[in-house]
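Enquirer:
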Amino acid sequence: MLVKKLALWTTISIFLPLSLLAQLKLDWNAWADLELSKAQANSHYFYNQIHKNKLDWRLGFSDINLVTTAQLDSNWVIQVRAQLKRNANQALDAFLMPAAFIQYQPKKQSWRLALGRYIIPFGSFTERQHPKDRTFINIPLAYSFYQNVAAQLGYVDDLGETKTEVDEMVFWGSTMVYYGGYTQGLKFDWDIDEADRWIWSLSIGNSSPNILDSPFARENWGISTRLRYRPAYFWEQGVSLSTGTFVQRTSLFDQLPAHPKQWLLGTDWRTGIGFWELTGEVIGAWYRAPVFDRDSATFGANEVEFSSMAFSTQLRYETPFISGLYLAYRFDFISFSKLEDSQWDSRVEAHNFGMGYKINRFLLLRTNYLLQYKADRPNWEQNTFRSTLTLHF
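Going by our numbering, the sequence shown opens with residue -16, and the numbers climb by one from there.
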């Protein structure tokens, strides 16, 4: 924790004075989400993003962000994002700095390098960090549902359904796209052609910056890359690949027979005509991980291999009769391979119904109703209602 705070304030003390003192173009962007929510009895943050202690009607701020971008000169750019958000969708007390990077792009060149904390190049969803770029409030299952594999322990049978505790911490597993969102390291981007039809990005990063005690921890290094192809204004296609180890330290770290490893392969698309837009993503994940037995608190001698697949597709319609209003539907599922005689986790299916309205250039209203089914839970008892009013400038 001390190292995290030191890195945070070091970033502020270096980047902010540079932004203020240099003769540069300085851009400030901010947004805040005021959210109203209600969830059913079998809800939990690690399943459907609503904590089990916050099921009743609830109104309050859920996310506050400030982004500063400084153009030092024609070659150098610095960007910092500070975020105050709910901790597991409970209290508004989690302060993060997910982005803090310096980028270099030579004059008249189509490539650039970024060093620091940045959005990882995997899939199209990770690029949409601002609420105005997201049709739905709820995050797709591949980025939000916690599976029976934990970064601290490896594979644990029935993880999350049965209490698994180490060092007074209860574990719920990890999401399918473990290297999703932000990472810290070095990123290379290349606009291959002048028309921006082909864009390639490559990152060598060290997991998510909010979970590491040290930015140089050797156990979390991974590679992510995405190639985007836009042959026409109405069609965009992307292919992504990610691989790496994922480990978080506990008192059992030295007992791990091997570090869990993950390989991800995905493709995403976006197409549309007139007032209609169709987007989607398919991701496959392959794992090799040790097995942890919660009863004996020991690891098995051998690693196991298993896989999962996630699919998401979204249809959005912008009404011609009311400017700024849209209606949308998204279908998600995530399924799991067999491990011995049964699946290593339970299939999940989600139906999101959404509506949004751009009130003016500063206000956006979004409403999201989720119908979610998990195979080992009572039918359709993880449903949620969420509505957010976003103020942004």
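For each residue, glycine too, the CB sits at the ideal point set by N, CA and C.
Measuring only the C-alpha atoms, how far is Arg369 from Lys115?
Expert: Each residue's Cα considered, the two are about 16 Å apart.
Enquirer: Report, in whole angstroms, the separation of the C-beta atoms of Ala53 and Thr367, which I expect to be a contact under 8 Å.
Expert: Going by Cβ atoms, the distance from Ala53 to Thr367 rounds to 39 Å, so no, they are not a contact pair.
Enquirer: Which parts of the stretch 15 to 58 are runs of the alpha helix (DSSP H), unbroken and 4 residues or longer, counting only runs that do not cross its ends?
Expert: Listed in chain order, the complete alpha helix (DSSP H) runs (minimum 4 residues) inside the stretch 15 to 58 are 28 to 31.
Enquirer: Ordered along the chain, which non-local residues of its own chain (more than five positions away) have a Cβ less than 6 Å from that of Ser45?
Expert: Taken in chain order, the residues that qualify are Asp16, Glu18, Arg69.
Enquirer: When the Cβ atoms of the stretch 347 to 357 are set against those of the stretch 114 to 129, are three or more pairs found closer than 8 Å?
Expert: As far as the Cβ criterion goes, the stretch 347 to 357 touches the stretch 114 to 129, which means the pair count is three or higher.
Enquirer: Spell out a yes or no on whether the stretch 221 to 231 and the stretch 148 to 167 are touching, meaning 3 or more CB-CB pairs, one atom from each, closer than 8 Å.
Expert: Verdict: yes, contact present.
Enquirer: Does Lys115 come out as helix, strand or coil in the three-state DSSP assignment?
Expert: Three-state DSSP puts Lys115 in a helix.
Enquirer: Going residue by residue through the stretch 328 to 374, where are the continuous alpha helix (DSSP H) segments of at least 4 residues, counting only ones entirely within it?
Expert: Runs of the alpha helix (DSSP H) inside the stretch 328 to 374: none found.
Enquirer: Can you list, in chain order, the residues of its chain whose CB lies under 6 Å from that of Ser234, leaving out five sequence neighbours each side?
Expert: Hits under 6 Å: Asp150.
Enquirer: Note down the Cα distance separating Gly307 from Thr373, rounded to an integer number of angstroms.
Expert: Taking the straight line joining both Cα atoms gives about 14 Å.
Enquirer: What separation, rounded to the nearest whole angstrom, lies between the Cα atoms of Asn193 and Asn48?
Expert: Low per-residue confidence applies at Asn193: pLDDT is 47, beneath 50, and the placement is therefore not dependable enough to give any value.
Enquirer: Using CA coordinates, which residue listed in Leu169, Arg213, Arg95, Leu142 is at the minimum distance from Asp328?
Expert: Closest option to Asp328, Cα to Cα, is Leu142.
Enquirer: Taking the continuous alpha helix (DSSP H) assigned at Ala125, which residues delimit it?
Expert: Counting along the chain, the alpha helix (DSSP H) containing Ala125 begins and ends at 124 to 127.
Enquirer: So Asn189 is in the beta strand (DSSP E); what residue range does that whole segment cover?
Expert: 181 to 189 is the span of the beta strand (DSSP E), which, as asked, contains Asn189.
Enquirer: Considering only their Cβ atoms, is the gap separating Arg253 from Glu260 smaller than 9 Å?
Expert: Going by C-beta atoms, Glu260 is nearer than 9 Å to Arg253.
Enquirer: Among residues of its own chain, excluding the 5 on either side of Phe319, which ones have a beta-carbon nearer than 6 Å to its beta-carbon?
Expert: Cβ neighbours of Phe319 beyond the five flanking positions: Ser291, Gln326, Trp327, Asp328.
Enquirer: Report the option in Val331, Asn351, Arg330 whose CA atom is closest to the CA atom of Met338.
Expert: Checking every option, the nearest Cα to that of Met338 belongs to Asn351.
Enquirer: For Pro361, is the classification buried or exposed, using 16 other Cβ atoms within 10 angstroms of its Cβ as the cut-off for buried?
Expert: By the 10 Å Cβ count, Pro361 comes out exposed.
Enquirer: Can you check whether the CB of Lys357 is closer than 9 Å to the CB of Tyr30?
Expert: For Tyr30 and Lys357, yes; Cβs fall inside 9 Å.
Enquirer: For the beta strand (DSSP E) containing Met80, name the first residue and the last one.
Expert: Note, Met80: beta strand (DSSP E), 75 to 87.
Enquirer: Nearest to Phe282 by CA position, among Asn121, Gln238, Leu248, is which residue?
Expert: Nearest option by C-alpha distance: Gln238.
Enquirer: Can you find at least 3 beta carbon pairs, one from the stretch 239 to 248 and one from the stretch 127 to 137, that sit closer than 8 Å?
Expert: Output reads yes: the stretch 127 to 137 touches the stretch 239 to 248.
Enquirer: In the structure shown, what three-state DSSP assignment does Phe108 receive?
Expert: Note: Phe108 maps to helix in three-state DSSP.
Enquirer: Restricting to runs no shorter than 3 residues, where is the beta strand (DSSP E) found entirely within the stretch 253 to 282?
Expert: You should have 259 to 272.
Enquirer: Helix, strand or coil for Ala215 per DSSP?
Expert: The answer is strand: DSSP assigns Ala215 an E or B state.
Enquirer: Take Gly267 and list the residues in its own chain whose beta-carbon comes closer than 6 Å to its own, dropping the five residues that flank it on each side.
Expert: Leu248, Met292, listed in sequence order.
Enquirer: Could you have a look at Gln238 and say whether DSSP puts it in helix, strand or coil?
Expert: In this structure, Gln238 counts as helix in the three-state DSSP scheme.
Enquirer: Is it the case that the Cβ atoms of Tyr28 and Pro81 are separated by a distance below 9 Å?
Expert: No, they are not a contact pair.
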